[in-house]
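Converting from the sequence shown to my numbering requires adding 134 to each position, the first position being numbered 1.
Notes for the one structure printed next.
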Amino acid sequence: MHDSEPLRYSASRRIYRTLSFLAEPSASGCVCVSPFLERRKRNPGLFVLRGWCSLAIPVSPARERGERKREGGFSAGVLPAIMALADGDASSSSCDGDDEYQKFIQKMNPPRITIDNTSCANVTVVHVDSANKYGILLEVVQVLTDLNLMVKKAYISSDGGWFMDVFNVTNRNGQKILDKSLLDEIVDYIHKCLEADPFFSPSKTRYVGVEPSSDYTLIELTGTDRPGLISEVSAVLTNLECNVVNAEVWTHNKRAAAVMQVTDTKTGLAILDTERLCRIKERLRNVFKGSNRSQDAKTTVAMGITNTERRLHQIMLEDRDYERYDTDRENVSPRPMVSVVNWLEKGYSVVTVRCKDRPKLLFDTVCTLTDMQYVVFHGSVDTEGPEAYQEYYIRHIDGSPVNSEAERQRVIQCVEAAIERRLSEGLQLELSTGDRVGLLSDVTRIFRENGLTVTRAEVSTRDDKAVNTFNVRDVAGRSDVDLKTLEAIREEIGHTVLQVKGHPDHLKPPPQESPTRFLFNSLFRPRSLYSLGAIRS
């Protein structure tokens, strides 16, 4: 680098500090280069890179062993990163500058994930060290959640430019993870997640994780909840020759949200016809109409892949399902305890959560705080006591703590709603059978005709087999469904196909069925009963 070709770029003080300590080990084990930057007097935020000077700083043994590749005195990728930062146009946007800074820091500080199975007798300890970026905590927690791991304890620290977190995890059975392949997956997936381009820019949160796909069409629905809603939606989709291959439905505070993956019944692929997609949107919007709170039904059709659970949190947050009325509060018991207080001396707001522990609780709270554009700088999680305890030290992305009573109440309500959305209210029914077109419509119709309403649903298709889970209640909102009603439903669907969970009677062996009376055999043949006029939509 020569003085005749100075590199000008718009930079913050953190970039100045980072470049000032750029280093590479020489053969003698000393740092041999460092940038020499000059601050412009008229513009304190503008620096000129004039050249490089020598420093003599001890090198750690890891770096002395040549942990990083060398290329002409620089780390591989360092000079391109500097060139990317060195934007000749001083008026470049701050957003682009932040993106380049994040890429630069990631190249200089690749993430390090270590697994410790010796320190604790009952849990596996996962250490994650990485350069910090917006949303990184949610990325890591989402990986652990997707791998069906239970976080027993967690210690979070991401103040400054570095992210250092520790997670004590077990499998779903509460056992230490000893499977080497699963341990390798944990390390590999977290690495891939952290090394990818940052998805969690505040301006991109609505589109996080969306990737194009030609395998299916993604449908998002929001509206007022009511008995039989899921049955009506699935019947409409079947009538429009759409097959639901995967879906998740949440209801909370009299609102309903769904994310569905559908295919064309003839081709088995995504629906591409624009006019047909418009008809689907219009029909589904009509089903969701009738809001008693002046909230319009919303329907979105897209071609893409998204994290379904995170998207459902975003949809319901945008739909303001956290706004409660006095009658709504009476139906939630026990309610989670959430408090928000300001630590003025350090400039943090401290969010404390106490509630009954359950799977994916950490993901739900961190997801909501991130979508509300708060950054968790420090935190701790403990689920080994009689209840789950979470404590987060947060600031808004603009660096400020919670500034008003209205904002404090909103944070409390949103975190409470995030915890309650996934609560398994109602009796749980599990369906496992061969997949076919119209399956979801037929099953939910049977629930509706027997006076049951679906409060949550998870629909999945694996190797031409449908594995569906429904949480249901009766029309009065009670989860203790009458045994005669359950028996009638299982008689019509089939005792071996529909299992009842969380009910005293589900442990009893099913009665012997006569082959000539297996009604479910005919109900779930590949041929649709719509063609016979036997299904009422």
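Even for Gly, the Cβ is constructed at its ideal location relative to N, Cα and C.
The structure displayed is predicted, hence computed values, not measured ones.
Between the CA atoms of residue j and residue i - distance to the nearest angstrom
{"i": "Thr-304", "j": "Glu-366", "result": "40 angstroms"}
{"i": "Thr-434", "j": "Ile-353", "result": "6 angstroms"}
{"i": "Leu-411", "j": "Asn-602", "result": "26 angstroms"}
{"i": "Asp-407", "j": "Thr-499", "result": "39 angstroms"}
{"i": "Ile-320", "j": "Asp-280", "result": "10 angstroms"}
{"i": "Asp-359", "j": "Asn-243", "result": "48 angstroms"}
{"i": "Ile-249", "j": "Val-487", "result": "28 angstroms"}
{"i": "Glu-345", "j": "Lys-618", "result": "At Glu-345 the pLDDT is 43, less than 50, meaning the model places this residue with poor confidence; the figure from the coordinates comes in the next sentence. For Glu-345 and Lys-618, the distance between alpha carbons rounds to 46 angstroms."}
{"i": "Arg-544", "j": "Thr-504", "result": "14 angstroms"}
{"i": "Asp-263", "j": "Ser-291", "result": "10 angstroms"}
{"i": "Ser-514", "j": "Asn-307", "result": "23 angstroms"}
{"i": "Asp-614", "j": "Lys-326", "result": "45 angstroms"}
{"i": "Tyr-523", "j": "Val-593", "result": "31 angstroms"}
{"i": "Pro-159", "j": "Val-475", "result": "With a pLDDT of 41 at Pro-159, under the threshold of 50, the predicted position of this residue should be treated as unreliable, and no value is reported."}
{"i": "Ile-364", "j": "Val-588", "result": "7 angstroms"}
{"i": "Tyr-350", "j": "Asn-441", "result": "15 angstroms"}
{"i": "Cys-501", "j": "Leu-573", "result": "32 angstroms"}
{"i": "Glu-539", "j": "Leu-478", "result": "15 angstroms"}
{"i": "Phe-297", "j": "Glu-559", "result": "36 angstroms"}
{"i": "Gly-533", "j": "Val-484", "result": "14 angstroms"}
{"i": "Val-421", "j": "Glu-626", "result": "27 angstroms"}
{"i": "Asp-597", "j": "Ser-253", "result": "40 angstroms"}
{"i": "Ala-255", "j": "Glu-518", "result": "14 angstroms"}
{"i": "Ala-381", "j": "Val-571", "result": "14 angstroms"}
{"i": "His-386", "j": "Leu-272", "result": "23 angstroms"}
{"i": "Val-631", "j": "Asp-318", "result": "36 angstroms"}
{"i": "His-261", "j": "Gln-309", "result": "18 angstroms"}
{"i": "Glu-201", "j": "Arg-417", "result": "The pLDDT assigned to Glu-201 is 40, lower than 50, so where the model puts this residue is not dependable, and the model offers no usable value."}
{"i": "Arg-492", "j": "Arg-469", "result": "14 angstroms"}
{"i": "Lys-388", "j": "Gly-611", "result": "12 angstroms"}
{"i": "Asp-322", "j": "Arg-419", "result": "41 angstroms"}
{"i": "Ile-546", "j": "Asp-313", "result": "39 angstroms"}
{"i": "Phe-497", "j": "Lys-480", "result": "26 angstroms"}
Proximal residues to residue i (C-beta, below 8 angstroms), its chain only, five neighbours per side dropped
{"i": "Ile-531", "result": "Tyr-268, Pro-336, Gln-507, Tyr-508, Val-509"}
{"i": "Lys-599", "result": "Ser-566, Thr-567, Gly-568, Asp-569"}
{"i": "Tyr-482", "result": "Asn-476, Phe-511, His-512, Tyr-527, Ile-528, Arg-529, Pro-535"}
{"i": "Glu-409", "result": "none"}
{"i": "Thr-595", "result": "Val-379, Asn-380, Asp-569, Val-601"}
Cβ pair residue i, residue j closer than 8 angstroms
{"i": "Leu-446", "j": "Val-393", "result": "yes"}
{"i": "Ile-580", "j": "Ile-528", "result": "no"}
{"i": "Met-450", "j": "Arg-555", "result": "yes"}
{"i": "Ala-591", "j": "Tyr-456", "result": "no"}
{"i": "Arg-542", "j": "Val-536", "result": "yes"}
{"i": "Val-277", "j": "Asp-299", "result": "no"}
{"i": "Leu-355", "j": "Ile-414", "result": "no"}
{"i": "Ile-672", "j": "Leu-495", "result": "Since the first residue of the chain shown is 135 and the last is 671, residue 672 is not available in this structure."}
{"i": "Ile-324", "j": "Ile-270", "result": "no"}
{"i": "Cys-489", "j": "Glu-521", "result": "yes"}
{"i": "Gln-633", "j": "Glu-564", "result": "yes"}
{"i": "Thr-399", "j": "Cys-376", "result": "yes"}
{"i": "Gly-295", "j": "Ala-330", "result": "no"}
{"i": "Pro-245", "j": "Leu-328", "result": "yes"}
Segment limits, alpha helix (DSSP H) that includes residue i
{"i": "Leu-565", "result": "No alpha helix (DSSP H) contains Leu-565, which is instead part of the beta strand (DSSP E) from 561-568."}
{"i": "Tyr-323", "result": "314-329"}
{"i": "Ile-531", "result": "It is not in any alpha helix (DSSP H) - Ile-531 carries neither H nor E in the DSSP assignment."}
{"i": "Asp-280", "result": "270-280"}
{"i": "Glu-518", "result": "Segment: none, Glu-518 is in no alpha helix (DSSP H) and carries neither H nor E."}
{"i": "Thr-578", "result": "573-583"}
Same chain, Cβ closer than 6 angstroms to residue i, neighbours up to 5 away in sequence not counted
{"i": "Asn-251", "result": "Thr-258"}
{"i": "Asp-223", "result": "With a pLDDT of 43 at Asp-223, under the threshold of 50, the modelled position of this residue cannot be trusted; read the value that follows with caution. The answer is none, since no qualifying residue turns up."}
{"i": "Met-284", "result": "Thr-304"}
{"i": "Asp-293", "result": "Phe-511"}
{"i": "Asn-302", "result": "Val-257, Val-259, Lys-286, Lys-287"}
{"i": "Lys-432", "result": "Thr-356"}
{"i": "Asn-282", "result": "Arg-306"}
{"i": "Ser-473", "result": "Thr-486"}
Residues near residue i by beta carbon distance below 7 angstroms, same chain, minus five either side
{"i": "Arg-454", "result": "none"}
{"i": "Leu-371", "result": "Val-378, Val-396"}
{"i": "Val-609", "result": "Pro-361, Gly-585, Thr-587"}
{"i": "Leu-403", "result": "Ser-348, Asp-349, Thr-397"}
{"i": "Ser-368", "result": "Val-378, Leu-574, Ser-575, Thr-578"}
Residue interval of the beta strand (DSSP E) (run including residue i)
{"i": "Glu-592", "result": "586-596"}
{"i": "Gln-507", "result": "From DSSP, Gln-507 is part of no beta strand (DSSP E); its letter is neither H nor E."}
{"i": "Gln-633", "result": "632-635"}
{"i": "Val-257", "result": "Neither: Val-257 is in no beta strand (DSSP E) and is coded neither H nor E."}
Threshold first: 3 residues or longer. Then list the beta strand (DSSP E) segments lying entirely within the stretch 342-393, N to C. 351-358, 376-386
Beta strand (DSSP E) segments (min. 3 residues) lying fully within the stretch 434-504: 471-477, 482-489
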